[in-house]
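For what it's worth, our numbering labels the leading residue of the sequence shown as 4, then goes sequentially. Backbone N, C-alpha and C fix where the C-beta goes; we use that ideal spot for every residue, glycine too. The structure presented is a predicted model; accordingly, all values stated were derived computationally and were not measured. Step one of this worksheet: look at the structure below.
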Amino acid sequence: MAPRVADGDGVRRTALGSAFHQEETMAESENYKKGTEIRRKLMGEKYAEQMNKSVYADPMMQKFGDYAREAVFGMLWSRPGLDLKTRALICVVSDTAQARWPELKIHLRMARNQGWTEDELAEALLHMGGYVGLPSVREAMLTAKEVFEEMRHEK
């Protein structure tokens with residue numbers, strides 16, 4: 004298959020020799036549709052809409068959001084072999100190991116929405132102390148405290 008290139012208009016084109024042939028728009032692709040549904044399931048309807056209206060309302064970030072829905076949520080999160088709950092925990096662990104605090108906020112929310120309890124997530128973070136160091140775990144615990152409080156107030 005020829006490489007696909009996204010243009011500024013959101014239409015994906017395939018390079019065939021020197022010509023570009025128009026393909027379906029990203030929003031029409033099956034992976035995009037599947038990714039949009041998985042993202043809503045993980046984040047929750049209200050939070051996903053809030054993100055769409057704030058972070059992803061900007062044209063630059065909308066491009067990123069579209070790509071993430073199609074490639075990350077539509078292809079990666081929908082692979083067989085692991086359930087969404089396990090994948091969410093993997094993201095929490097990965098974010099903590101890499102000190103990615105903004106992403107950790109999102110992934111902690113996803114993990115809670117997939118059924119992980121606050122205590123289970125706290126224990127997973129504490130377990131990481133011996134592997135990634137206490138300063139990172141401390142920051143992750145503070146981030147978790149903030150996210151859990153936000154989620155409690157949303158109910």
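Query	Result
contact_flag[the region 79 to 89, the region 35 to 48] where n(CB pairs < 8 angstroms) is 3 or more	yes
Host alpha helix (DSSP H) of Ser139 (start-end)	Leu137 to Glu157
Opening and closing residue of the alpha helix (DSSP H) in which Leu45 lies	Glu33 to Met46
Environment of Gly20 [buried if 16+ CB atoms lie within 10 Å]	Unreliable positioning characterises Gly20 in this predicted model, as indicated by a pLDDT of 42, which lies under 50. The coordinate reading is nonetheless provided below. Label assigned to Gly20: exposed.
Contained alpha helix (DSSP H) runs [length at least 4] in the region 91 to 117, N- to C-terminal order	104 to 116
Same chain only: Cβ atoms within 6 angstroms of Ala100, ignoring 5 sequence neighbours per side	Val135
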